[in-house]
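Participant: Below: one structure in structure tokens.
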Amino acid sequence: MSNARSLADIKIDLAPEVQTIMARYPTSRSAIMPVLELAQQKYGVVDGDVYQTVAELLDVPEIWVFEVASFYTLFDRTVTGRHHIRLCTNLSCQLRGSDALLIHLQRRLDVESGGTTRDGIFTLSAVECLGACEVAPVLMVDRQYIGDLTVEKLDALLASLADQPAEEMS
Amino acid sequence: MSELVLLKNIHDPNAHQIATYEGSGGYQGLRLALRDFSPDEVIDEVKSANLRGRGGAGFPTGLKWGFVPKDSPLPRYLCCNADEGEPGTFKDRILMERDPHQLIEGMVIAAYAIGCRTAYLYIRGEYQLSIDHCQQAIDEAHARGYLGPDILGSGHGLDIHIHKGAGAYICGEETALLESIEGRRGQPKLKPPFPAVAGLYECPTVVNNVETLACLPHLFRRGSEWFAAIGPDHSPGPKLFGLSGQVKRPGVYEMPMGLSLGELLEEHGGGALNGQFKAAIPGGVSAPMFPRSEFDVKMDFGSLAAAGSMLGSAGVIGLDETASIPVVARRITEFFSHESCGKCTPCREGLTWAAKILRRIEAGQGQPGDVEQLEMLCGGIFGNSFCALGDGAAWALGATVKHFRPEFDALIPAQAQAG
Chain D
0 MSNARSLADI KIDLAPEVQT IMARYPTSRS AIMPVLELAQ QKYGVVDGDV YQTVAELLDV
60 PEIWVFEVAS FYTLFDRTVT GRHHIRLCTN LSCQLRGSDA LLIHLQRRLD VESGGTTRDG
120 IFTLSAVECL GACEVAPVLM VDRQYIGDLT VEKLDALLAS LADQPAEEMS
Chain U
0 MSELVLLKNI HDPNAHQIAT YEGSGGYQGL RLALRDFSPD EVIDEVKSAN LRGRGGAGFP
60 TGLKWGFVPK DSPLPRYLCC NADEGEPGTF KDRILMERDP HQLIEGMVIA AYAIGCRTAY
120 LYIRGEYQLS IDHCQQAIDE AHARGYLGPD ILGSGHGLDI HIHKGAGAYI CGEETALLES
180 IEGRRGQPKL KPPFPAVAGL YECPTVVNNV ETLACLPHLF RRGSEWFAAI GPDHSPGPKL
240 FGLSGQVKRP GVYEMPMGLS LGELLEEHGG GALNGQFKAA IPGGVSAPMF PRSEFDVKMD
300 FGSLAAAGSM LGSAGVIGLD ETASIPVVAR RITEFFSHES CGKCTPCREG LTWAAKILRR
360 IEAGQGQPGD VEQLEMLCGG IFGNSFCALG DGAAWALGAT VKHFRPEFDA LIPAQAQAG
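Taken in sequence, the protein lines are chains D and U.
Take numbering that gives the first Met the number 0: the final residue in the first sequence is number 169, and no numbers are missing along the way.
Take numbering that gives the first Met the number 0: the final residue in the second sequence is number 418, and no numbers are missing along the way.
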């Protein structure tokens with residue numbers, strides 16, 4: 000997504016908030032994670048242009064930015080769908096049926112875990128624990144948690160999201 | 000039902016707001032700590048209360064604070080570990096979402112004790128509501144003079160910054176958490192030096208769990224004797240237990256430590272979802288499971304350690320008669336394999352190998368010797384990795400084989416025939 004923007008545009012976009020973020024830390028390296036997160040919020044993806052810009056803004060080697068972006072699973076390094084569904088498949092959710100829900104979502108969306116639907120609306124990921132085991136099975140869609148899932152609840156969710164822009168979910 | 004302390008207000012929809020918190024006695028503990036105690040006396044009071052860390056290890060909090068060198072010219076840091084990511088564990092999220100001022104007040108008290116003026120609250124990135132409510136609590140606390148350059152006129156100053164994690168379970172390990180705040184991959188570091196001496200930015204640092212810090216306002220408002228009188232002598236204070244899995248009433252429950260695992264699951268969790276319980280994991284998936292025959296074990300640090308497991312995060316997962324233990328073992332091992340940071344060979348390679356064997360067994364393609372191979376791998380991983388991730392993974396897997404070996408054999412065609 001950042002391909003459509005020049006490095007200078009990205010820099011202008013990020014610069015004001017980068018200063019605020021850097022003020023929280025004694026080293027600029029500490030700002031890499033929050034600035035990457037900021038970039039992902041704005042562009043939906045962190046990629047080569049973002050790495051280069053963040054490195055320049057923070058005056059750190061680009062490899063430092065890349066090693067952070069490639070280690071943490073919440074950084075999307077390829078373009079995702081308008082809505083990113085992260086279904087927890089870990090133990091507490093598995094014991095309450097998340098395996099079947101994953102199969103249902105894969106069939107409904109016709110994608111494997113990690114894939115994006117052809118219309119670009121949904122990305123589906125099976126993820127490790129979301130830390131909401133009391134409402135298992137649970138998923139995270141964009142930034143919102145939805146628990147006590149059933150097949151019917153999933154179908155209703157997909158229907159409600161299909162025409163909804165990503166921003167409206169948070 | 001014992002008195003609720005940490006969860007007293009959580010059903011109030013306004014509990015996350017400072018007016019509600021102050022109305023229920025909030026920030027009185029901080030006022031008393033700043034007025035009546037020197038920093039050293041705060042540490043002594045926490046030692047007297049015998050508050051033990053609620054993050055997993057159960058290390059005495061006052062002792063940990065006491066390790067911070069008093070003559071160091073370097074800045075000191077306090078980091079709150081809110082990177083809750085162990086399956087079965089969600090207690091800290093409940094505190095941060097619903098009553099976050101307890102945590103903020105606790106952080107100010109802890110920072111005062113160790114002479115820290117900048118603290119970081121490391122919250123896992125998925126916890127957006129926790130992040131929002133904690134940031135709101137920080138802003139409100141600033142506005143009321145509980146944070147800032149001169150807290151309540153004491154001369155003690157503190158700023159708290161939230162640092163969001165980004166989806167790496169290993170960052171719950173304290174040295175990995177510090178690496179992450181420094182802007183690196185969250186890979187653990189060899190100890191010593193311990194963070195108290197050389198932690199964040201190589202400066203003296205204390206890392207405490209959310210629940211540990213949330214205990215402090217109550218401890219100072221009501222005194223160390225009150226705190227120490229709750230529960231067993233060696234594991235005092237209010238404690239949160241998260242119940243999940245195949246229990247009828249999953250949720251977070253507060254009670255003194257020392258009740259039995261069976262009591263917790265049956266009386267508070269409402270019993271098994273289907274039939275009876277087969278087994279339970281007492282403290283997040285790294286804690287070795289107990290079969291139903293051992294449900295009389297007491298839920299406290301010492302009793303669980305003596306019984307071959309641990310309290311850990313007190314995330315209790317119930318498994319009923321429909322649960323397949325080999326499947327559970329596979330899922331747990333896959334989790335640790337996925338979340339291994341890759342730094343140590345035994346953890347990185349051993350868990351990948353173990354997960355592969357478990358998938359094979361589950362698919363009915365197990366071979367004679369597979370279970371022995373798993374036991375060998377557990378022995379090779381345990382004690383041979385930098386941090387507790389490898390230990391926990393091997394320990395948890397080993398317990399499934401130890402207690403439920405026939406379930407594994409039944410899935411291996413040659414052994415099922417022999418049996």
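The C-beta atom is built at its ideal place from N, Cα and C for all residues, glycine as well.
None of these values were measured; they are calculated from a predicted model.
Work out the CA separation of Pro99(U) and Leu212(U) for me, nearest whole Å.
Facilitator: Spanning the two alpha carbons is a distance of roughly 11 Å.
Participant: Using CA coordinates, which residue listed in Glu172(U), Ala392(U), Lys238(U) and His155(U) is at the minimum distance from Glu83(U)?
Facilitator: Of the listed residues, the one whose Cα sits closest to Glu83(U) is Glu172(U).
Participant: Going by other Cβ atoms of all chains shown within 10 Å of its Cβ, with 16 needed for buried, is Ser169(D) buried or exposed?
Facilitator: Reliability fails at Ser169(D), whose pLDDT of 37 lies under 50, so the model's placement of it is uncertain and the value that follows must be treated cautiously. With fewer than 16 Cβ atoms within 10 Å of its Cβ, Ser169(D) is classed as exposed.
Participant: So, with DSSP's three-state summary, where would you put Pro290(U)?
Facilitator: Strand at Pro290(U).
Participant: Return the residue from the list Leu104(D), Ile11(D), His82(D) and Asp98(D) that minimises the CA-CA distance to Gln143(D).
Facilitator: With distances taken between Cα atoms, Gln143(D) lies closest to His82(D).
Participant: Please work out which residues of its chain come closer than 6 Å, Cβ to Cβ, to Tyr119(U), disregarding the five sequence neighbours upstream and downstream, and give them in chain order.
Facilitator: Correct list, in chain order: Cys78, His160, His162 and Ile180.
Participant: Considering Cys133(U), what are the terminal residues of the alpha helix (DSSP H) in which it resides?
Facilitator: That run of the alpha helix (DSSP H) goes Gln127 to Ala142.
Participant: Since Cys78(U) is in the beta strand (DSSP E), which residue starts that stretch and which ends it?
Facilitator: Element bounds for Cys78(U): Tyr76 to Ala81.
Participant: I'd like to know whether the C-beta atoms of Ala306(U) and Pro290(U) end up nearer to each other than 9 Å.
Facilitator: Not a contact, by the Cβ cut-off of 9 Å.
Participant: Mark His10(U) as exposed unless 16 or more other C-beta atoms lie within 10 angstroms of its C-beta, in which case mark it buried.
Facilitator: Exposed is the call here.
Participant: Return the CA-CA distance between Ala386(U) and Pro187(U), expressed in angstroms with no decimal places.
Facilitator: The sequence given here has Cys at residue 386(U), not Ala. Using only the alpha carbons, I get a separation of about 7 Å.
Participant: Hey, is Lys86(U)'s beta-carbon within less than 9 Å of any beta-carbon in chain D?
Facilitator: The identity of residue 86(U) in the sequence shown is Pro, whereas the question assumes Lys. It does; some Cβ of chain D falls within 9 Å.
Participant: So, at 7 Å on beta carbons, what are the nonlocal neighbours of Glu167(D) in its own chain, with the 5 sequence-adjacent residues on each side left out?
Facilitator: Per-residue confidence for Glu167(D) stands at a pLDDT of 46, beneath the threshold of 50, marking its modelled position as unreliable; the derived number appears in the next sentence. Nothing listed; no residue qualifies.
Participant: Answer yes or no: does any C-beta atom of chain U fall closer than 9 Å to that of Ile31(D)?
Facilitator: Chain U, which has a Cβ nearer than 9 Å to the Cβ of Ile31(D), makes this yes.
Participant: Compute the distance between the beta-carbons of Glu210(U) and Leu239(U), then report whether it is under 9 Å.
Facilitator: Taking 9 Å as the Cβ cut-off, Glu210(U) and Leu239(U) qualify as a contacting pair.
Participant: Which whole runs of the beta strand (DSSP E) in the segment 212 to 249 of chain U are 3 residues long or more, in chain order?
Facilitator: You should have 237 to 244.
Participant: For Pro194(U) and Cys202(U), what's the separation of their Cα atoms in angstroms?
Facilitator: Their Cα atoms are separated by approximately 8 Å.
Participant: Span of the alpha helix (DSSP H) holding Cys346(U)?
Facilitator: Its alpha helix (DSSP H) spans residues Thr344 to Glu361.
Participant: Mind reading off the beta-carbon distance from Val53(D) to Val34(D)? Whole number of angstroms is fine, and I expect it under 8 Å.
Facilitator: That belief holds up - the Cβ atoms of Val53(D) and Val34(D) are roughly 5 Å apart, short of 8 Å.
Participant: At which residue ranges does the segment 71 to 106 of chain D contain complete alpha helix (DSSP H) runs of 4 or more residues, listed in the order of the chain?
Facilitator: Counting whole runs of 4 or more residues, the segment 71 to 106 of chain D contains the alpha helix (DSSP H) stretches 90 to 93.
Participant: Express the C-alpha separation of Ala99(D) and Cys132(D) in angstroms, rounding to a whole number.
Facilitator: When rounded, the distance between both Cα atoms is 17 Å.
Participant: To the nearest angstrom, report how far apart Ser308(U) and Pro287(U) are at their CA atoms.
Facilitator: Going by the C-alpha atoms only, they are around 5 Å apart.
Participant: Using a Cβ-Cβ distance under 9 Å, would Asp154(D) count as near chain U?
Facilitator: Judged by the 9 Å Cβ criterion, Asp154(D) is not in contact with chain U.
Participant: Are Glu151(D) and Thr88(D) touching if we call contact CB-CB under 9 Å?
Facilitator: Going by C-beta atoms, Glu151(D) is not nearer than 9 Å to Thr88(D).
Participant: Excluding the five sequence neighbours on either side, which residues of its own chain have a C-beta within less than 6 Å of the C-beta of Gly391(U), listed in chain order?
Facilitator: Closer than 6 Å at the Cβ level, and outside the excluded window around Gly391(U), lie Ser285.
Participant: Pull up the DSSP beta-bridge partners for Thr204(U), would you.
Facilitator: Looking at the DSSP assignment, Thr204(U) forms a beta bridge with Tyr76(U).
Participant: Less than 8 Å between the CB atoms is what I'm expecting for Ile17(U) and Ala136(U), so what's the real figure, rounded?
Facilitator: Indeed they touch by this definition, with Cβ atoms about 7 Å apart.
Participant: Counting only C-beta atoms, is Tyr71(D) closer than 9 Å to chain U at any point?
Facilitator: Cβ-Cβ to chain U under 9 Å: yes for Tyr71(D).
Participant: Can you pull the chain D neighbours of Leu318(U), defined as C-beta to C-beta under 8 Å?
Facilitator: Within 8 Å Cβ-Cβ: Leu94.
Participant: For Ser179(U), go through chain D and note every residue whose CB falls closer than 8 Å to its CB, in chain order.
Facilitator: Per Cβ cutoff of 8 Å: Met32.
Participant: For the segment 100 to 112 of chain U against the segment 227 to 234 of chain U, are there 3 or more C-beta pairs whose distance is under 8 Å?
Facilitator: With a cut-off of 8 Å, the segment 227 to 234 of chain U and the segment 100 to 112 of chain U do not count as touching, because too few Cβ pairs lie within range.
Participant: Please work out which residues of its chain come closer than 6 Å, Cβ to Cβ, to Ser129(U), disregarding the five sequence neighbours upstream and downstream, and give them in chain order.
Facilitator: Here the set comprises Arg92, Met95, Glu96 and Ile122.
Participant: At a cut of 8 Å, does the segment 239 to 249 of chain U reach the segment 32 to 52 of chain U through at least three beta carbon pairs?
Facilitator: No, because fewer than three Cβ pairs between the segment 239 to 249 of chain U and the segment 32 to 52 of chain U fall closer than 8 Å, the two stretches do not touch.
Participant: Checking 9 Å against the spacing of the C-beta atoms, do Thr19(D) and Val78(D) come in under that value?
Facilitator: Against a cut-off of 9 Å, the Cβ pair of Val78(D) and Thr19(D) comes out as no contact.
Participant: When burial is assigned at 16 or more other CB atoms within 10 Å of the CB, is Lys69(U) buried or exposed?
Facilitator: By the 10 Å Cβ count, Lys69(U) comes out exposed.
Participant: In chain B, what lies closer than 9 Å to Val327(U) by C-beta?
Facilitator: This model lacks chain B altogether, as its protein chains are D and U.
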